[in-house]
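Here's the structure we're looking at; comments come further down.
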Amino acid sequence: MAFLVFIGFLALVFLMGGGSRDDIASLPILRPACALIAAYAVTIAMPGQIARIRVPLMLIALLALWMLIQLLPLPVALWSALPGRAAIAATDQLLGLGDVWRPISLSPSKTMNALGSLIVPVAALLLYAVQDDQARRRIPLILVAIAAVSAAVGIAQIGTGGAGALYLYAKTNLGTPVGLFSNRNHHAAFEATILVLVGWYFADRRLRAERDKGAVGPLLIGAALVLAVFVTLFSGSRAGLLIGLLSAGAAAALWFATPSGDRRESHHGPITGWRVWLPSAAAVVIALGVVGYLATQSTSFDRLVQLSAGDELRVQIFPQISAMANDHWLFGTGFGAFEHAYRQYEASDWLRSTYVNNAHDDWAQWVIEGGLPAILIFFGFMVWLVRRLIAVWREREARPGTVLLVATATLVLGLLLVASVFDYPLRVPSLMVYAVLLVALVADPPLPLAARSRSSSRRGRN
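Just so we're aligned, residue 1 is where the sequence shown starts under full-length UniProt numbering, counting upward by one.
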C-alpha cells in the first residue's frame, strides 16, 4: 500500500507541479494533497524509519524556521536599517503612516508561498522513509519511466505544431517540447540527468552479472534513453545541452568503473587501478564525442551559435544581481521576494512589457533571498553529504551495489546544482521531489539483495 501511495504521489507531483510560478492553478490541490500524504507516512511509519532521514528533514526544518523569522514583524528601527529599506521608511513617513512594523521579507506573500512549497519535498522524504528496500531500488527506474512519459508528451507537442492543447501550463514555451513542465530548460535538465540513471541501471546489471537475464527491461530502458536524448537535443535549451554532455560522460564512467559480477568474484573484490580508470576515461571521451556530434545537429546548438552570450538576459542583468547579493548577503530579501527587490536595481532603460521574476542563477538568488543563514544551511548540507559519502565508501567491499547507487544519486545532484547556475530548476515542485529523493537515497540507501536475504534469515531463526 505504501508503494502504491508513493507511485500516486509521484504521478500527482509531476502532473501538477511542473512549474515554478506561485499562481499555478494546480498548487491549491497539490500542496494539501502532499500534506495529507505526509500525515499518512507519519502514521504508518515504524520505529526508527523516519530517524534514518532525520538530517535532510532537519535541514528543511531549519530552512522553514528561517523563512518564518523573515516573516516576523520588526520594529521600525530594526527593519529600516536593513539594506534597501530606507526608501520604504521614507515613504511611510511621507504618507503619514508613522512607525510601521515590517518583516525582513520585502514580499511577505511570496515568502509565505515559499514556506508552503516545502510541504512537497517533506512529503517525499517521509514517504521514502516508509518504503522497503525493494521499493527504494525501483525509484531510479520509476524516475526513468516518468522521464520517458514526459519526453513522449514533448514529442507529441512538437508533432501537433506547437498547439496549446497538449501544454499543461498557461505560461510556457509554446512550440518546444516542454513535456510535463512549463519551462523547456527545466524539462531539458530533467531529461539530461536521466542519462545518469540509465547508466546506473546497466552498471548495476553488470555488477550483478545480469547482462543476459531478460531482454525486456534493457529494451525499455534503452527506449527511454532515446526519448530523453532526443528531447534534450531538440528542446532549444543550451543549459540542457551542457547537462546532457556531462551526463553522458558520467553514465559512461559509471558503466566502465563498475566491474562485472563474475570478474569481481574472481578478483576477490572490486577492480581498481588502470583497469578501471583507463577504460572509464576512454568511455567518457567517446560518449562526449558522440553526444557532441549529435548536439551540433540540434536546435539547442543552433541557438548556441546564433545568439551571443552578451544578448542573453542573465548576462545583461548580472551587474544588478551582483549588487543585490552584495547588499543583501546578511539577512536576505526574503525567499521568493527577488522579483520585488530587483525593481530597486532595475535601470530605467530596462523598463519593458516583460519583467525579471528570477535571477536565472539560483546560487546567486539563494544568497539574495536567504542571506547568511541560507548559506550556512547549504554549507551544513554539503558537510553532511561529504561525511555520508565517506561512510558509504568505507563499505565498498561489502556493499558495492550501494556505493554505485549512492554515487549515481550524488552525480545527478551535482548536475542539478550545475543547472542551477544557469536557471532555477529546483524551484519547480516536481524537480524538488526529484532532488530530495536523490538525497534520501544517499541518506538511507536500500540494502543489497543478499544483505536483505541474510537479514530475513536471521529474523526467521530468531
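Note that beta-carbon positions come from the ideal geometry of N, C-alpha and C, so glycine has one too.
Go to residue i, then tell me how far its alpha helix (DSSP H) extends in each direction, as first and last residue.
{"i": "Asp362", "result": "362-393"}
{"i": "Tyr128", "result": "119-129"}
{"i": "Glu191", "result": "184-207"}
{"i": "Ile44", "result": "27-44"}
{"i": "Gln134", "result": "133-159"}
{"i": "Pro429", "result": "429-443"}
{"i": "Pro400", "result": "400-422"}
{"i": "Gln344", "result": "Element bounds for Gln344: n/a, residue is neither H nor E."}
{"i": "Thr91", "result": "86-94"}
{"i": "Ser235", "result": "No alpha helix (DSSP H) holds Ser235; DSSP gives it neither H nor E."}
{"i": "Thr326", "result": "For clarity, residue 326 is Asn in the given sequence; the question names Thr instead. Counting along the chain, the alpha helix (DSSP H) containing Asn326 begins and ends at 318-328."}
{"i": "Phe3", "result": "2-16"}
Which residues does DSSP list as the beta-bridge partners of residue i?
{"i": "Arg102", "result": "Leu74"}
Write down the C-beta distance between residue i and residue j rounded to the nearest angstrom, noting that I regard them as a contact closer than 8 Å.
{"i": "Pro108", "j": "Leu68", "result": "Going by Cβ atoms, the distance from Pro108 to Leu68 rounds to 11 Å, so no, they are not a contact pair."}
{"i": "Ile377", "j": "Leu62", "result": "5 Å"}
{"i": "Ala337", "j": "Thr111", "result": "6 Å"}
{"i": "Ala38", "j": "Val122", "result": "6 Å"}
{"i": "Phe230", "j": "Ala347", "result": "Not a contact, Cβ separation roughly 41 Å."}
{"i": "Ser247", "j": "Ala188", "result": "Between Ala188 and Ser247 the Cβ distance is about 11 Å, and since that is not below 8 Å, they are no contact."}
{"i": "Leu385", "j": "Val442", "result": "7 Å"}
{"i": "Thr408", "j": "Trp66", "result": "Rounded, the Cβ-Cβ distance is 31 Å, inconsistent with contact."}
{"i": "Leu127", "j": "Phe9", "result": "6 Å"}
{"i": "Val55", "j": "Leu30", "result": "The pair is not a contact, with the Cβ atoms about 26 Å apart (cut-off 8 Å)."}
{"i": "Tyr169", "j": "Ile24", "result": "7 Å"}
{"i": "Asp423", "j": "Asn173", "result": "Contact flag wrong, Cβ pair sits at about 13 Å."}
{"i": "Pro177", "j": "Gly154", "result": "3 Å"}
{"i": "Leu180", "j": "Gly18", "result": "5 Å"}
{"i": "Gly334", "j": "Leu106", "result": "5 Å"}
{"i": "Trp255", "j": "Ala203", "result": "5 Å"}
I'd like to know if the region 242-250 and the region 191-204 are in contact, where contact means that at least 3 CB-CB pairs between them fall below 8 Å. Touching, yes, given that three or more Cβ pairs across the two stretches are closer than 8 Å.
Practice item. For the region 411-430 and the region 39-47, state whether three or more C-beta atom pairs, one from each stretch, are separated by less than 8 Å. Key: The answer is no - the region 39-47 does not touch the region 411-430, with fewer than three Cβ pairs under 8 Å.
Check: Are there three or more Cβ pairs, one per stretch, closer than 8 Å when the region 378-397 is compared with the region 80-97?
Finding: No, because fewer than three Cβ pairs between the region 378-397 and the region 80-97 fall closer than 8 Å, the two stretches do not touch.
* To do: Specify whether the region 120-138 and the region 416-427 touch according to this definition: at least 3 beta carbon pairs, one from each stretch, less than 8 Å apart.
  => Using a C-beta cut-off of 8 Å, the region 120-138 makes no contact with the region 416-427, since fewer than three inter-stretch Cβ pairs fall below that distance.
Would you check if the region 354-365 and the region 313-332 touch, i.e. whether three or more CB-CB distances between them fall below 8 Å? Segments in contact, yes.
Contact between the region 392-410 and the region 219-229 is defined here as three or more beta-carbon pairs at a separation below 8 Å; is this criterion met?
No contact exists between the region 392-410 and the region 219-229.
Taking 8 Å as the cut-off, does the region 364-372 touch the region 138-152 (at least 3 CB pairs, one atom from each stretch)? Output reads no: the region 364-372 does not touch the region 138-152.
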